[in-house]
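J.: If you read the sequence shown in this note's numbering, its first letter stands for residue 1348, the second for the next number, and so on. Idealized CB from N, CA, C, for every residue including glycine. All of these numbers come straight from a predicted model, not from anything done at the bench. Sending over a structure as C-alpha coordinates; questions will come in a sec.
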Amino acid sequence: MWKVKTTQKEIYLTFDDGPIPTVTNFVLEELKKWNAQATFFCVGDNIQKHPNIYRQLLAQGHRIGNHTYHHQKGTKTPNQVYYQDIDDCQKLMATDNESPLFRPPYGKLRYRQLKQLSKKYRIVMWHIIAGDFLPKMTAKKCLRVLIRNTQKGSIIVLHDNQKTFSILKEVLPQYLAHFAQRGYQFKKLP
1348 MWKVKTTQKE IYLTFDDGPI PTVTNFVLEE LKKWNAQATF FCVGDNIQKH PNIYRQLLAQ
1408 GHRIGNHTYH HQKGTKTPNQ VYYQDIDDCQ KLMATDNESP LFRPPYGKLR YRQLKQLSKK
1468 YRIVMWHIIA GDFLPKMTAK KCLRVLIRNT QKGSIIVLHD NQKTFSILKE VLPQYLAHFA
1528 QRGYQFKKLP
(Lines of atoms letter the chains of each structure in order from A and count residues from 1; the text may use other names and numbers.)
(Lines give C-alpha, C1' and ligand atoms only; values in the text may rest on other atoms or scores of the structure.)
Protein backbone atom coordinates (compact mmCIF):
# COMPACT_ATOMS: atom_id res chain seq x y z
CA MET A 1 0.00 0.00 0.00
CA TRP A 2 1.47 3.33 -1.09
CA LYS A 3 -1.58 5.56 -0.70
CA VAL A 4 -5.15 5.25 0.62
CA LYS A 5 -7.87 5.64 -2.00
CA THR A 6 -10.24 8.29 -0.72
CA THR A 7 -12.09 11.37 -1.91
CA GLN A 8 -12.14 12.76 1.64
CA LYS A 9 -9.65 15.23 3.07
CA GLU A 10 -7.71 12.56 4.94
CA ILE A 11 -4.00 12.19 5.61
CA TYR A 12 -2.36 9.07 7.03
CA LEU A 13 0.62 9.99 9.19
CA THR A 14 2.98 7.14 10.02
CA PHE A 15 5.96 7.14 12.35
CA ASP A 16 8.82 4.63 12.08
CA ASP A 17 11.38 3.36 14.59
CA GLY A 18 9.85 4.06 18.03
CA PRO A 19 8.75 3.98 20.68
CA ILE A 20 11.46 6.27 22.04
CA PRO A 21 11.26 8.31 25.28
CA THR A 22 10.77 12.04 24.80
CA VAL A 23 10.37 11.74 21.01
CA THR A 24 7.30 9.49 20.91
CA ASN A 25 5.85 11.37 23.88
CA PHE A 26 6.21 14.62 21.94
CA VAL A 27 4.48 13.08 18.91
CA LEU A 28 1.59 11.86 21.05
CA GLU A 29 1.14 15.30 22.61
CA GLU A 30 1.09 17.00 19.20
CA LEU A 31 -1.36 14.50 17.75
CA LYS A 32 -3.66 14.96 20.73
CA LYS A 33 -3.77 18.75 20.20
CA TRP A 34 -5.34 18.21 16.77
CA ASN A 35 -7.43 15.13 17.64
CA ALA A 36 -5.22 13.29 15.14
CA GLN A 37 -4.71 9.57 14.81
CA ALA A 38 -1.62 7.95 13.32
CA THR A 39 0.03 4.60 12.69
CA PHE A 40 3.28 3.75 14.44
CA PHE A 41 5.61 1.18 12.88
CA CYS A 42 7.44 0.00 15.97
CA VAL A 43 10.80 -1.71 16.37
CA GLY A 44 10.47 -4.69 18.71
CA ASP A 45 13.64 -3.86 20.63
CA ASN A 46 12.19 -0.41 21.41
CA ILE A 47 8.87 -1.93 22.52
CA GLN A 48 10.87 -4.18 24.87
CA LYS A 49 12.87 -1.24 26.26
CA HIS A 50 9.95 1.21 26.53
CA PRO A 51 6.74 -0.75 27.22
CA ASN A 52 5.00 2.16 28.95
CA ILE A 53 5.26 4.37 25.89
CA TYR A 54 4.08 1.50 23.71
CA ARG A 55 1.04 1.05 25.96
CA GLN A 56 0.33 4.79 25.59
CA LEU A 57 0.18 4.39 21.81
CA LEU A 58 -2.42 1.68 22.22
CA ALA A 59 -4.37 3.50 24.95
CA GLN A 60 -4.68 6.60 22.75
CA GLY A 61 -6.16 4.52 19.94
CA HIS A 62 -3.33 4.69 17.42
CA ARG A 63 -2.67 1.83 15.02
CA ILE A 64 0.50 -0.24 15.40
CA GLY A 65 2.59 -1.85 12.70
CA ASN A 66 5.63 -4.13 12.71
CA HIS A 67 9.02 -2.65 11.75
CA THR A 68 11.10 -5.77 12.67
CA TYR A 69 12.67 -6.44 16.04
CA HIS A 70 16.16 -5.10 15.22
CA HIS A 71 15.42 -2.69 12.31
CA GLN A 72 16.70 -5.25 9.80
CA LYS A 73 17.21 -4.43 6.14
CA GLY A 74 15.60 -7.25 4.15
CA THR A 75 18.05 -7.04 1.26
CA LYS A 76 20.99 -7.57 3.62
CA THR A 77 19.46 -10.28 5.83
CA PRO A 78 18.97 -13.99 5.08
CA ASN A 79 15.27 -14.76 4.61
CA GLN A 80 14.81 -17.01 7.65
CA VAL A 81 16.66 -14.58 9.93
CA TYR A 82 14.52 -11.73 8.58
CA TYR A 83 11.25 -13.64 9.09
CA GLN A 84 12.28 -14.58 12.64
CA ASP A 85 13.08 -10.94 13.43
CA ILE A 86 9.62 -9.91 12.21
CA ASP A 87 7.96 -12.72 14.19
CA ASP A 88 9.87 -11.70 17.33
CA CYS A 89 8.51 -8.16 16.97
CA GLN A 90 4.98 -9.39 16.30
CA LYS A 91 4.99 -11.47 19.50
CA LEU A 92 5.53 -8.28 21.55
CA MET A 93 2.73 -6.38 19.88
CA ALA A 94 -0.81 -6.39 21.20
CA THR A 95 -2.93 -7.65 18.33
CA ASP A 96 -6.62 -7.53 17.58
CA ASN A 97 -8.71 -8.56 14.61
CA GLU A 98 -7.11 -6.00 12.31
CA SER A 99 -4.83 -7.43 9.66
CA PRO A 100 -1.24 -6.97 10.84
CA LEU A 101 0.70 -4.18 9.17
CA PHE A 102 4.37 -4.40 8.23
CA ARG A 103 6.75 -1.78 6.89
CA PRO A 104 10.23 -2.95 5.88
CA PRO A 105 13.00 -0.81 7.37
CA TYR A 106 14.56 1.40 4.70
CA GLY A 107 11.74 0.26 2.41
CA LYS A 108 14.03 -2.58 1.34
CA LEU A 109 13.21 -6.23 0.98
CA ARG A 110 13.64 -8.96 -1.60
CA TYR A 111 10.84 -10.01 -3.90
CA ARG A 112 10.72 -13.46 -2.27
CA GLN A 113 10.40 -11.79 1.15
CA LEU A 114 7.60 -9.55 -0.12
CA LYS A 115 5.76 -12.54 -1.53
CA GLN A 116 6.13 -14.55 1.70
CA LEU A 117 5.27 -11.67 4.06
CA SER A 118 2.23 -10.66 1.99
CA LYS A 119 0.59 -13.94 3.03
CA LYS A 120 0.49 -12.77 6.65
CA TYR A 121 0.90 -8.98 6.60
CA ARG A 122 -0.39 -5.95 4.79
CA ILE A 123 2.81 -4.34 3.48
CA VAL A 124 2.69 -0.55 3.87
CA MET A 125 5.09 1.74 2.04
CA TRP A 126 4.41 5.48 1.56
CA HIS A 127 3.28 8.25 -0.74
CA ILE A 128 5.69 10.77 0.80
CA ILE A 129 8.81 10.07 2.81
CA ALA A 130 9.71 13.31 4.57
CA GLY A 131 13.47 12.78 4.50
CA ASP A 132 13.70 13.86 8.15
CA PHE A 133 16.55 11.34 8.56
CA LEU A 134 18.76 12.80 5.80
CA PRO A 135 21.98 14.41 7.11
CA LYS A 136 21.55 17.66 5.15
CA MET A 137 17.79 17.99 5.65
CA THR A 138 16.49 21.11 7.38
CA ALA A 139 13.13 21.51 9.07
CA LYS A 140 12.16 24.23 6.59
CA LYS A 141 12.93 22.05 3.57
CA CYS A 142 11.25 18.99 5.12
CA LEU A 143 8.05 20.95 5.81
CA ARG A 144 8.08 22.39 2.29
CA VAL A 145 8.39 18.90 0.76
CA LEU A 146 5.51 17.62 2.88
CA ILE A 147 3.16 20.54 2.23
CA ARG A 148 3.89 20.64 -1.48
CA ASN A 149 3.28 16.93 -2.05
CA THR A 150 0.51 15.96 0.38
CA GLN A 151 -2.77 14.92 -1.25
CA LYS A 152 -5.99 13.27 -0.13
CA GLY A 153 -5.07 9.77 1.01
CA SER A 154 -1.32 10.44 1.33
CA ILE A 155 0.61 8.05 3.55
CA ILE A 156 3.34 10.17 5.15
CA VAL A 157 6.50 8.75 6.77
CA LEU A 158 8.17 10.56 9.63
CA HIS A 159 10.46 9.02 12.24
CA ASP A 160 10.06 9.06 16.01
CA ASN A 161 13.70 8.53 16.84
CA GLN A 162 16.42 10.61 18.46
CA LYS A 163 18.26 11.22 15.18
CA THR A 164 15.29 13.05 13.62
CA PHE A 165 13.91 14.78 16.71
CA SER A 166 15.36 18.25 16.03
CA ILE A 167 13.55 18.34 12.67
CA LEU A 168 10.41 16.55 13.87
CA LYS A 169 9.74 18.97 16.72
CA GLU A 170 9.65 21.88 14.24
CA VAL A 171 7.90 20.14 11.36
CA LEU A 172 5.12 18.14 13.02
CA PRO A 173 3.30 21.02 14.79
CA GLN A 174 3.40 23.20 11.66
CA TYR A 175 2.33 20.36 9.37
CA LEU A 176 -0.60 19.40 11.59
CA ALA A 177 -1.72 23.04 11.87
CA HIS A 178 -1.40 23.68 8.14
CA PHE A 179 -3.62 20.79 7.08
CA ALA A 180 -6.06 20.90 10.02
CA GLN A 181 -6.78 24.54 9.16
CA ARG A 182 -7.60 23.41 5.61
CA GLY A 183 -10.15 20.88 6.84
CA TYR A 184 -8.04 17.72 6.69
CA GLN A 185 -8.33 14.91 9.19
CA PHE A 186 -5.42 12.76 10.31
CA LYS A 187 -6.37 9.10 10.36
CA LYS A 188 -4.73 5.81 11.26
CA LEU A 189 -4.34 3.35 8.41
CA PRO A 190 -7.47 1.36 7.61
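Does R1450 pass the burial test, meaning 16 or more other C-beta atoms within 10 Å, or should it be called exposed?
T.: As a working note, residue 1450 is residue 103 in the sequence shown. By the 10 Å Cβ count, R1450 comes out buried.
J.: Pick helix, strand or coil for Y1531, following the three-state DSSP scheme.
T.: Here the question's residue 1531 lines up with position 184 in the sequence shown. Reduced to three states, the DSSP call for Y1531 is coil.
J.: For a quick check, are the C-beta atoms of L1404 and L1375 less than 9 Å apart?
T.: In the sequence shown, residue 1404 corresponds to position 57, counting from 1. In the sequence shown, residue 1375 corresponds to position 28, counting from 1. Cβ distance < 9 Å, so L1404 and L1375 count as in contact.
J.: Do the CB positions of N1426 and R1459 come within less than 9 Å of each other?
T.: As a working note, residue 1426 is residue 79 in the sequence shown. As a working note, residue 1459 is residue 112 in the sequence shown. Yes. Within cutoff.
J.: Mind checking N1382: buried by the 16 CB within 10 Å criterion, or exposed?
T.: Locating residue 1382 in the sequence shown gives position 35, where the first residue counts as 1. N1382 comes out exposed.
J.: Buried or exposed: P1398, going by 16 or more other Cβ atoms within 10 Å of its Cβ?
T.: If you number the sequence shown from 1, residue 1398 lands on position 51. Classification for P1398: exposed.
J.: From A1385 to I1433, what does the alpha carbon distance come to, in whole angstroms?
T.: On the sequence shown, position 38 is the one that residue 1385 refers to. On the sequence shown, position 86 is the one that residue 1433 refers to. Going by the C-alpha atoms only, they are around 21 Å apart.
J.: Cutting at 8 Å between CB atoms, please list the residues of its own chain near P1537, excluding the five before and the five after it.
T.: Counted from its first residue, the sequence shown places residue 1537 at position 190. So the list reads V1351, once near-sequence residues are dropped.
J.: Which runs of the beta strand (DSSP E), 3 residues or longer, sit entirely within the segment 1378-1462?
T.: You should have 1386-1389 and 1410-1413.
J.: Got a sec? Which residues, its chain only, sit under 6 Å from T1511 by beta carbon, not counting five neighbours each side?
T.: Position 164 of the sequence shown, counted from the first residue, corresponds to residue 1511. Here the set comprises D1479 and F1480.
J.: Measure the C-alpha to C-alpha separation of G1500 and P1447 and round it to an integer number of angstroms.
T.: Position 153 of the sequence shown, counted from the start, is the residue given in the question as residue 1500. Position 100 of the sequence shown, counted from the start, is the residue given in the question as residue 1447. The straight-line gap from Cα to Cα measures roughly 20 Å.
J.: Given a threshold of 16 other Cβ atoms within 10 Å of its Cβ, counted over all protein chains shown, does K1380 qualify as buried or as exposed?
T.: Counting from one through the sequence shown, the residue named residue 1380 turns up at place 33. With fewer than 16 Cβ atoms within 10 Å of its Cβ, K1380 is classed as exposed.
J.: DSSP puts H1506 in a beta bridge; with which residues?
T.: In the sequence shown, residue 1506 corresponds to position 159, counting from 1. DSSP output for H1506 lists D1363 as bridge partner(s).
J.: Using CA atoms only, rank isn't needed, just tell me which of H1418, L1515 and L1456 is closest to D1392.
T.: Here residue 1392 corresponds to residue number 45 of the sequence shown, with the count starting at 1. Cα-wise, what sits closest to D1392 is H1418.
J.: Among Y1430, R1491 and N1496, whose alpha-carbon lies nearest the alpha-carbon of K1466?
T.: Translated into the one-based positions of the sequence shown, residue 1466 becomes position 119. Ranking the options by Cα distance to K1466, first place goes to Y1430.
J.: Please classify S1513: does DSSP put it in a helix, a strand, or coil?
T.: Against the sequence shown, residue 1513 aligns to sequence position 166. Here S1513 sits in helix by DSSP.
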